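Asks:
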Amino acid sequence: MELLMSLLIGLMFTAGVYLILSKNVLRIIIGTAIVSHGANLTLLTIGGIKRGNAPILLDGLTLFNDPIPQALILTAIVIGFAVTALFLVVAYRAYQENGTDMVNRTRGNDDDDD
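Residue numbers (full-length UniProt numbering): 1 to 114.
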C-alpha cells in the first residue's frame, strides 16, 4: 500500500510542478493546490497506514493509531484552503486590473512570448 501511495505522491508532485511552471495564473493556483495535497499524502504515508484503535490508553490495548499525523494533515488542509482562496481572489483582482491572466503580460511588458 505504501508503494502505491508513494507512486501517487510522485505523480501529484510532478503534475503540480508542471502546472506551477506554466504562464497561466489559474494553472499556477491549481498546481499549488495539487502540491499541497501531495504534501498531505506524504505526511499520511510517513505516519504509517495502520489499522488500530483510537489512541485511548486502556488495559490490553497494544495497537493504536498515532493522532499527530492526522492533526497535522487537518491543519494543512485548512491552511491550504485559505491560501488557495487568497490566491484566487488576488488572481481575480489582477485579471480585472490587467485584462489578462498570463504572467508575462502582467509585468507591464507588451511583448507576446506565447
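Every residue, glycine too, gets a C-beta built ideally from N, C-alpha and C. Since the model is a prediction, treat every value here as computed from it, not as a measurement.
Let me check understanding here. Comparing Cα to Cα, which of K23, V89, A33 lies closest to R105?
Replies: Walking along the sequence shown from the start, residue 105 turns up at place 105. Checking every option, the nearest Cα to that of R105 belongs to K23.
Asks: Does T42 come within less than 8 Å of chain C when only Cβ atoms are used?
Replies: No chain C appears in this structure, which consists of one protein chain only.
Asks: Let me check one thing: in DSSP terms, what residues is M102 bridge-paired to?
Replies: For the purposes of this step, residue 102 is taken as residue 102 along the sequence shown, with counting starting at 1. In DSSP, M102 forms a bridge with N24.
Asks: Within its chain, find whatever has a CB closer than 6 Å to the CB of E97; leave out the 5 residues flanking it on each side and keep chain order.
Replies: If you number the sequence shown from 1, residue 97 lands on position 97. No residues qualify anywhere along the chain.
Asks: Anyone know if the C-beta pair for D66 and G47 falls short of 8 Å?
Replies: Your numbering for residue 66 matches position 66 in the sequence shown. Your numbering for residue 47 matches position 47 in the sequence shown. Yes; because the gap between Cβ atoms is below 8 Å, this pair is in contact.
Asks: If you draw a straight line from the alpha carbon of L58 to that of V17, how long is it in whole angstroms?
Replies: The count along the sequence shown starts at 1 and reaches residue 58 at position 58. The count along the sequence shown starts at 1 and reaches residue 17 at position 17. If you take the alpha carbons of L58 and V17, they lie about 45 Å apart.
Asks: Can you name, in chain order, every residue of its own chain whose Cβ lies under 8 Å from the Cβ of I77, other than the five neighbours on each side?
Replies: As a position in the sequence shown, residue 77 is number 77, starting the count at 1. Cβ neighbours of I77 beyond the five flanking positions: N40.
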